[in-house]
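Visitor: Take a look at the following structure, please.
2 protein chains.
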Amino acid sequence: MLAEKKLSEFLDDLASDLPAPGGGGAAAVSGAMGACLISMVVRLTLGKKGYEDVWPEMEQVVINSDLLYKTLSSQVEDDAAAFNDVIAALKLPKDDEAQIQIRTQVMQKAFKRAMEVPYSIAQNCMEVLVLALQIVEKANINLISDIGVAAELALAGLESSLLNVRINLPYIKDENLVITTRKQIESLAEAARSNKARILSEVNNKIA
Amino acid sequence: MLAEKKLSEFLDDLASDLPAPGGGGAAAVSGAMGACLISMVVRLTLGKKGYEDVWPEMEQVVINSDLLYKTLSSQVEDDAAAFNDVIAALKLPKDDEAQIQIRTQVMQKAFKRAMEVPYSIAQNCMEVLVLALQIVEKANINLISDIGVAAELALAGLESSLLNVRINLPYIKDENLVITTRKQIESLAEAARSNKARILSEVNNKIA
Numbered sequence: 001m002l003a004e005k006k007l008s009e010f011l012d013d014l015a016s017d018l019p020a021p022g023g024g025g026a027a028a029v030s031g032a033m034g035a036c037l038i039s040m041v042v043r044l045t046l047g048k049k050g051y052e053d054v055w056p057e058m059e060q061v062v063i064n065s066d067l068l069y070k071t072l073s074s075q076v077e078d079d080a081a082a083f084n085d086v087i088a089a090l091k092l093p094k095d096d097e098a099q100i101q102i103r104t105q106v107m108q109k110a111f112k113r114a115m116e117v118p119y120s121i122a123q124n125c126m127e128v129l130v131l132a133l134q135i136v137e138k139a140n141i142n143l144i145s146d147i148g149v150a151a152e153l154a155l156a157g158l159e160s161s162l163l164n165v166r167i168n169l170p171y172i173k174d175e176n177l178v179i180t181t182r183k184q185i186e187s188l189a190e191a192a193r194s195n196k197a198r199i200l201s202e203v204n205n206k207i208a
Numbered sequence: 001m002l003a004e005k006k007l008s009e010f011l012d013d014l015a016s017d018l019p020a021p022g023g024g025g026a027a028a029v030s031g032a033m034g035a036c037l038i039s040m041v042v043r044l045t046l047g048k049k050g051y052e053d054v055w056p057e058m059e060q061v062v063i064n065s066d067l068l069y070k071t072l073s074s075q076v077e078d079d080a081a082a083f084n085d086v087i088a089a090l091k092l093p094k095d096d097e098a099q100i101q102i103r104t105q106v107m108q109k110a111f112k113r114a115m116e117v118p119y120s121i122a123q124n125c126m127e128v129l130v131l132a133l134q135i136v137e138k139a140n141i142n143l144i145s146d147i148g149v150a151a152e153l154a155l156a157g158l159e160s161s162l163l164n165v166r167i168n169l170p171y172i173k174d175e176n177l178v179i180t181t182r183k184q185i186e187s188l189a190e191a192a193r194s195n196k197a198r199i200l201s202e203v204n205n206k207i208a
């Protein structure tokens with residue numbers, strides 16, 4: 001499991017010419033760090049005097065943010081596996097018509113997966129932005145910059161994941177799927193950018 | 001060393017109520033991942049047929065990007081140390097005039113360091129954006145999305161670091177330093193956003 005590597009080793013692997021991890025895994029780590037920071041801010045709001053009114057809501061938020069960072073952390077592995085499946089499919093033999101047909105089917109399945117995994121990472125990053133917006137006016141004011149960082153990292157994770165979705169679209173033959181996906185990623189990016197702008201506007205109001 | 005922790009443990013610590021790591025360390029990891037992706041793209045350009053003309057330049061780039069990711073990785077620790085020094089300074093006794101004077105001096109030194117470390121992280125993230133812009137039209141076209149991800153993560157690391165610089169400014173009594181720093185972070189943010197926009201414009205041109 002990539003998440004069980006030392007951080008320094010993960011970075012060494014990322015910088016190397018190994019096929020994975022790559023940009024997809026880095027995007028998942030960015031989103032995971034965003035979710036972690038939401039969990040941190042909420043933990044330092046729970047138990048903090050003066051914030052009693054929001055404790056019940058914060059207890060719900062931290063359940064979600066903890067789940068999100070663990071999911072995003074495991075998606076570093078999913079992205080590497082999906083990429084390796086594409087590489088494996090490309091290496092299948094294509095010596096006769098039967099082999100070509102099988103290779104095409106396996107490749108189409110692999111490219112779809114290589115698109116679905118970053119799309120799911122992007123959706124999870126959006127969830128981080130939703131939580132950040134939910135707590136930005138309510139959480140411990142001393143941690144306001146960390147909410148801003150969570151939003152920056154979650155949006156970067158989302159934008160990065162959408163690049164990884166788009167890079168796979170030209171290889172997918174199911175035109176309806178391509179059209180639907182293009183619409184979905186456009187509206188996801190728009191919603192995410194708008195959320196991040198609202199969060200940072202609030203953060204900037206509170207930081208001198 | 002935080003970079004010697006497992007990635008999963010680093011994330012657990014980030015999500016916890018421990019004083020560090022926090023947003024500053026997460027920003028450094030984001031920038032480090034950006035630098036790693038530059039190294040990866042360059043490694044997969046060096047040796048790739050058709051790119052012989054840019055190999056000498058790429059050999060220089062990878063020296064810089066490797067150094068940047070290692071520096072940024074070590075700054076995760078620097079940021080935690082700076083934050084812990086602020087916490088330690090705040091706990092110094094203030095029972096008489098002499099103690100108050102010493103505490104003030106130690107606190108000023110700690111707050112300056114807590115501002116200098118994220119500023120240095122931001123500068124290193126800017127260097128990643130400079131390298132990304134340098135290679136975006138020249139590197140292996142198959143890795144174009146990874147250059148886009150590098151730019152997204154480096155800018156997020158930079159913006160996050162600047163939030164951490166700004167959060168410390170109100171505590172610094174040296175007004176000239178505060179004024180100079182505000183000007184520097186404004187021009188750094190402007191340059192970084194402009195670089196990232198140019199990189200992504202090129203990336204988007206090349207991705208369908």
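For the protein sequence lines, the chains are C and X, in the order given.
So in the numbering used here, spot 61 of the first sequence is number 61, and the numbers just go up one at a time.
So in the numbering used here, spot 207 of the second sequence is number 207, and the numbers just go up one at a time.
For each residue, glycine too, the CB sits at the ideal point set by N, CA and C.
Please read all numbers here as calculations on a predicted model, not as lab measurements.
If we ignore side chains and look at the alpha-carbon of each, how far apart do leucine 143 of chain X and isoleucine 135 of chain X end up?
Guide: So the alpha carbons of these two residues sit roughly 11 Å apart.
Visitor: Can you tell me where the alpha helix (DSSP H) with lysine 206 of chain C in it begins and where it stops?
Guide: Residues 175-206.
Visitor: Please name the residues in the stretch 50-84 of chain X whose beta-carbon is closer than 7 Å to at least one beta-carbon of chain C, in chain order.
Guide: Within the stretch 50-84 of chain X, the residues whose Cβ lies closer than 7 Å to some Cβ of chain C are Asp66, Tyr69, Ser73, listed in chain order.
Visitor: For chain X, is any of its Cβ atoms less than 7 Å away from the one on cysteine 125 of chain C?
Guide: Judged by the 7 Å Cβ criterion, cysteine 125 of chain C is not in contact with chain X.
Visitor: Between X/Lys183, X/Gly148, X/Ala154, which lies nearest to leucine 163 of chain C when the distance is taken from Cα to Cα?
Guide: Leucine 163 of chain C has its Cα closest to that of X/Gly148, out of X/Lys183, X/Gly148, X/Ala154.
Visitor: Output the distance between the C-alpha atoms of alanine 20 of chain C and serine 145 of chain C, rounded to the nearest integer angstrom.
Guide: Distance between the alpha carbons of alanine 20 of chain C and serine 145 of chain C: 32 Å.
Visitor: Please determine, among X/Ser74, X/Phe111, X/Leu68, X/Leu72, the residue with the shortest C-alpha to C-alpha distance to alanine 88 of chain X.
Guide: The shortest Cα separation from alanine 88 of chain X among X/Ser74, X/Phe111, X/Leu68, X/Leu72 belongs to X/Phe111.
Visitor: Under DSSP, the alpha helix (DSSP H) around glycine 25 of chain X begins and ends at which residues?
Guide: Looking at the DSSP string, the run of the alpha helix (DSSP H) that includes glycine 25 of chain X is 23-43.
Visitor: Would you mind stating whether alanine 156 of chain C and alanine 156 of chain X have Cβ atoms separated by less than 7 Å?
Guide: In contact: alanine 156 of chain C and alanine 156 of chain X (Cβ atoms closer than 7 Å).
Visitor: Examine the Cβ distances between the stretch 177-197 of chain X and the stretch 123-139 of chain X and report whether three or more of them are shorter than 8 Å.
Guide: These segments touch.
Visitor: Confirm, please, whether the CB-CB distance from cysteine 125 of chain X to glycine 31 of chain X is below 7 Å.
Guide: Going by C-beta atoms, glycine 31 of chain X is nearer than 7 Å to cysteine 125 of chain X.
Visitor: I want to see whether chain X comes within less than 7 Å of glutamate 4 of chain C, judged by CB atoms only; does it?
Guide: At least one chain X Cβ lies under 7 Å of glutamate 4 of chain C.
Visitor: For proline 118 of chain X and glutamate 97 of chain C, I'd like the C-alpha separation in whole angstroms.
Guide: Between proline 118 of chain X and glutamate 97 of chain C, the C-alpha separation is close to 59 Å.
Visitor: Contact criterion: CB-CB distance below 7 Å. Does asparagine 164 of chain X meet it with respect to chain C?
Guide: Answer yes: the Cβ-Cβ gap between asparagine 164 of chain X and chain C drops below 7 Å somewhere.
Visitor: Can you check whether the C-beta of asparagine 96 of chain X is within less than 7 Å of a C-beta belonging to chain C?
Guide: Checking the displayed sequence, the identity of residue 96 of chain X turns out to be aspartate instead of asparagine. Cβ-Cβ to chain C under 7 Å: no for aspartate 96 of chain X.
Visitor: Would you mind reading off the limits of the alpha helix (DSSP H) that contains proline 56 of chain C?
Guide: Unbroken alpha helix (DSSP H) run through proline 56 of chain C: 55-90.
Visitor: For a cutoff of 7 Å on Cβ pairs, would you count leucine 210 of chain X as touching chain C?
Guide: Absent from the structure is residue 210 of chain X, since the part of chain X shown begins at 1 and ends at 208.
Visitor: Can you tell me which of X/Glu190, X/Ala139, X/Ile179 puts its alpha carbon nearest to the alpha carbon of glutamate 202 of chain X?
Guide: If we check each option's Cα against that of glutamate 202 of chain X, X/Ala139 comes out closest.
Visitor: Cα-Cα, which of X/Ser16, X/Asp12, X/Val165, X/Lys91 is closest to alanine 122 of chain X?
Guide: Minimum Cα distance to alanine 122 of chain X is reached at X/Val165.
Visitor: Looking at alanine 28 of chain X and glutamine 75 of chain X, is the spacing between their C-beta atoms short of 7 Å?
Guide: For glutamine 75 of chain X and alanine 28 of chain X, yes; Cβs fall inside 7 Å.
Visitor: Relative to chain X, which residues along the stretch 104-118 of chain C have a C-beta separation below 7 Å, given in chain order?
Guide: Within the stretch 104-118 of chain C, no residue has a Cβ that lies closer than 7 Å to any Cβ of chain X.
Visitor: Pull up the distance between the alpha-carbon of alanine 192 of chain X and that of glutamate 159 of chain X, whole angstroms please.
Guide: Distance between the alpha carbons of alanine 192 of chain X and glutamate 159 of chain X is about 9 Å.
Visitor: Compare the C-beta of leucine 37 of chain C against all C-beta atoms of chain X and say whether one is closer than 7 Å.
Guide: Yes - at least one Cβ of chain X is within 7 Å of the one on leucine 37 of chain C.
Visitor: Taking all protein chains shown into account, do 16 or more other C-beta atoms lie within 10 angstroms of the C-beta of glycine 50 of chain X, making it buried, or fewer, making it exposed?
Guide: That one is exposed.
Visitor: Leucine 11 of chain C to leucine 7 of chain X, Cα distance in whole Å?
Guide: Their Cα atoms are separated by approximately 10 Å.
Visitor: Along the chain, where does the alpha helix (DSSP H) containing lysine 112 of chain X start, and where does it finish?
Guide: Looking at the DSSP string, the run of the alpha helix (DSSP H) that includes lysine 112 of chain X is 97-135.
Visitor: Out of X/Lys109, X/Asn204, X/Glu190, which one is the CA nearest neighbour of leucine 177 of chain X?
Guide: Comparing Cα positions, the closest option is X/Lys109.
Visitor: Whole-angstrom Cβ separation of leucine 44 of chain C and leucine 14 of chain X, contact assumed at under 8 Å?
Guide: Not quite, the Cβ-Cβ distance comes to about 12 Å (not below 8 Å), so this is no contact.
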